[in-house]
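Report on the following structure.
In UniProt numbering, the protein residues as written are 1 to 237.
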């Protein structure tokens, strides 16, 4: 996979097509909206879903932790689907996650779904996390600069000759990065929705997740995508 660079607050950040953000200068990896144990939360309310979402999400996350070997992992909120999700984590999945985090510092940012620290897992729980010129938080602030945020699960539809292709995406305008949701059972909110468009009034770029690379296209002011085909994002080896 080839990550694409963006610059926010003078810092070079790498956007990975798998949906995580890497800050090489700080050896920091950031991931948003895992929503572990969403399936079991739905099952408790009588809505049966396949009970494998946590396993599938971990199967995507663990190789990225091995690849980047971060010093710090920032979980950007809604890591669990509800306040009791960590207590429902199956023993095997709990052991895998705890082992993967043993050699790094885990920072669990509070989300609207999981406002408390995950029980029985390493790391510290915070409302937000400030490091250097950047602030990591769950819900994006209206006029923030130097912000990395999640919560909104952005997706975009890229025009192609074969019709529109809708994928989760990063969104950035040099002031902030809005992260895609990482969890297996997470949906998405289109970048033209007012909740996202209002954060990028001067436009920006959407970076659609691909299997091996990101595909970028510009967003005009108020989040309206310009109608030409996306191009592979600038990448580094």
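Note that the Cβ used here is the ideal one computed from N, Cα and C, for glycine as well. In this text, all values refer to a predicted model and were calculated from it rather than measured experimentally.
Quiz prompt | At least 3 beta-carbon pairs within less than 8 Å: the segment 140 to 157 vs the segment 166 to 179 | solution = yes
Self-check item: Separation of residue 119 from residue 103, as counted between CA atoms
Solution: 19 Å
Quiz item: So the beta strand (DSSP E) residue 156 belongs to, where does it begin and stop?
Solution: 154 to 158
Quiz item: Can you tell me where the beta strand (DSSP E) with residue 58 in it begins and where it stops?
Solution: Counting along the chain, residue 58 falls outside any beta strand (DSSP E), though it belongs to the alpha helix (DSSP H) covering 53 to 68.
Quiz item: For the beta strand (DSSP E) that contains residue 29, what are its first and last residues?
Solution: 28 to 31
Quiz prompt | Identified DSSP bridge partners for residue 173 | solution = Looking at the DSSP assignment, residue 173 forms no beta bridge with any residue, so it has no partner.
Quiz item: Which whole-angstrom value describes the C-beta separation of residue 70 and residue 29, a residue pair presumed to lie in contact below a C-beta threshold of 8 Å?
Solution: 4 Å
Exercise. For residue 97, name the three-state secondary structure that DSSP assigns.
Key: helix
Quiz item: Taking Cβ to Cβ, would you say residue 72 is nearer than 8 Å to residue 137?
Solution: no
Self-check item: Bounding residues of the beta strand (DSSP E) (the contiguous stretch that carries residue 206)
Solution: 204 to 209
Quiz item: Rounded to whole angstroms, how far is the Cβ of residue 196 from the Cβ of residue 152, which I believe are closer than 8 Å?
Solution: 6 Å
Quiz prompt | Among 172, 121 and 90, nearest to residue 156 - alpha-carbon criterion | solution = 172
Practice problem: Select from 94, 24, 13 and 32 the residue whose C-alpha is nearest the C-alpha of residue 54. | Solution: 94
Quiz item: Hey, residue 216 and residue 202: beta-carbon distance below 8 Å or not?
Solution: no
Practice problem: With a threshold of 16 other CB atoms inside 10 Å of the CB of residue 223, please say whether the residue is buried or exposed. | Solution: Confidence at residue 223 is low in this model, with a pLDDT of 43, below 50, so its placement is unreliable and the value that follows should be read with caution. That one is buried.
Quiz item: Helix or strand or just coil, what does DSSP make of residue 125?
Solution: strand
Exercise. Along the beta strand (DSSP E) that carries residue 267, what are the first and last residues, could you check?
Key: As displayed, the chain neither begins before 1 nor continues past 237, which places residue 267 out of reach and without an answer.
Exercise. Mind checking which residues open and close the beta strand (DSSP E) that includes residue 71?
Key: Segment: none, residue 71 is in no beta strand (DSSP E) and carries neither H nor E.
Exercise. Consult DSSP for residue 216 and reduce its assignment to one of helix, strand or coil.
Key: strand
Practice problem: Check the DSSP bridge columns for residue 82 and list the partner residues they point to. | Solution: According to DSSP, which records beta bridges pairwise, residue 82 is partnered with nothing at all.
Quiz prompt | Three-state class that DSSP yields for residue 135 in the structure shown | solution = strand
Exercise. For the beta strand (DSSP E) holding residue 4, just list the boundary residues, first then last.
Key: 4 to 8
Quiz item: In or out: residue 52 buried (at least 16 other Cβ within 10 Å) or exposed?
Solution: exposed
Quiz prompt | Reference residue 64, options 154, 129, 22 and 7, closest by Cα | solution = 22
Quiz item: In terms of alpha-carbon separation, which member of 183, 81 and 62 lies closest to residue 112?
Solution: 81
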